[in-house]
Each structure stands twice: as C-alpha cells, then as structure tokens.
Amino acid sequence: MGWLVVDGTAVAPLEMAETRAERRRGLLGREGIEGAMLLRPARSVHTIGMRFAIDVAHLDADMVVISLVTMVPWRVGRWRRHAHQVIEADAGAMQRWGIAPGVRVEVTA
774 MGWLVVDGTA VAPLEMAETR AERRRGLLGR EGIEGAMLLR PARSVHTIGM
824 RFAIDVAHLD ADMVVISLVT MVPWRVGRWR RHAHQVIEAD AGAMQRWGIA
874 PGVRVEVTA
C-alpha cells in the first residue's frame, strides 16, 4: 500500500496491482474503493463484471496523465498506445484530487 501524490500532496491511499493475477482481479467483486488502484504495466482496462463506475487515468512512463475517462460497468476501454500504467478510482475522484491530462502524479510507499 502506498499513496497517490499530486503536486506534493498525498491525495489518496493507493493499492498496487503489479502481478498478472492482481491486474486481472483489479476491482472486481468490490462495491467501491477507498483511494485508488495502480495497475502496472497496463495500457487499457475493462469494467466487465464491475458493480460501480470508475475513473481511469492512463499514465505514460514518466507518470504524466495522457488521458482520463469515466467508465460505467460492462465496458471495454480503449487501448492507449503510450500508456505504461493505469490508475483506477471511484467515478469523480480524479477531479476532486486535481488529476487531469498533463498532470504528473507520484507514488510513495
């Protein structure tokens, strides 16, 4: 467990999904998430079988947000060519945290 940091401020607790099994499970089976989840490596996600809408931030190798979308359950997200990792959170969370395309985020332990 780490923290998602924006402009030097820890904005949310961050779960890490770095193994194939962890990425495959992601947020499935949950009613929501307190904080966010980092999937690494990842270029796209889906919400098939999910119970809630999520914000999805695609990040490049330097942890800069290259796209941000909100996905409702039972959708397949677009593959992002330059994405290296993805952050997922409850729908609306990214806006509250100040995360938008062009913003650089950090992860701390």
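Each residue of the sequence shown is one higher than the one before, counting from 774 in the numbering used here.
We put the beta carbon where it would ideally sit given N, CA and C, even for glycine.
Quick caveat: nothing in here was measured; it's all calculated off a predicted structure.
Measure the CB-CB distance between residue i and residue j and report whether it falls below 9 Å.
i, j, result
"Val876", "Val837", "yes"
"Asp780", "Asp828", "no"
"Glu879", "Ile806", "no"
"Thr881", "Ala783", "yes"
"Met774", "Glu795", "no"
"Leu811", "Gln858", "yes"
Alpha carbon to alpha carbon, how far is residue j from residue i? Give it in angstroms, no decimals.
i, j, result
"Arg798", "Met823", "10 Å"
"Arg848", "Gly871", "25 Å"
"Val786", "Ala815", "Per the sequence shown, residue 786 should be read as Pro rather than Val. Cα to Cα, Pro786 sits roughly 20 Å from Ala815."
"Ile821", "Gly802", "11 Å"
"Val818", "Arg793", "13 Å"
With distances taken Cα to Cα, identify the nearest neighbour of residue i among the options.
i, options, result
"Ala826", "Asp833, Trp870, Glu804", "Glu804"
"Val842", "Asp835, Arg851, Ala834", "Arg851"
"Asp835", "Gly802, Ala856, Ala866", "Ala856"
"Met844", "Gly865, Arg854, Ala794, Gln858", "Gly865"
"Ala830", "Met789, Arg793, Ala873", "Ala873"
Start and end of the beta strand (DSSP E) containing residue i?
i, result
"Met867", "That residue, Met867, is in no beta strand (DSSP E); its alpha helix (DSSP H) goes 866 to 870."
Please return the same chain residues whose Cβ sits closer than 8 Å to the Cβ of residue i, not counting the five positions on each side in sequence.
i, result
"Ile839", "His831, Leu832, Asp833, Arg853, His855, Ala856, Pro874"
Less than 7 Å between C-beta atoms, sequence neighbours within five positions excluded: which residues of the same chain meet that for residue i?
i, result
"Glu791", "Arg813"
Apart from the five residues just before and just after residue i, which ones in its own chain have a Cβ nearer than 6 Å to its Cβ?
i, result
"Arg869", "none"
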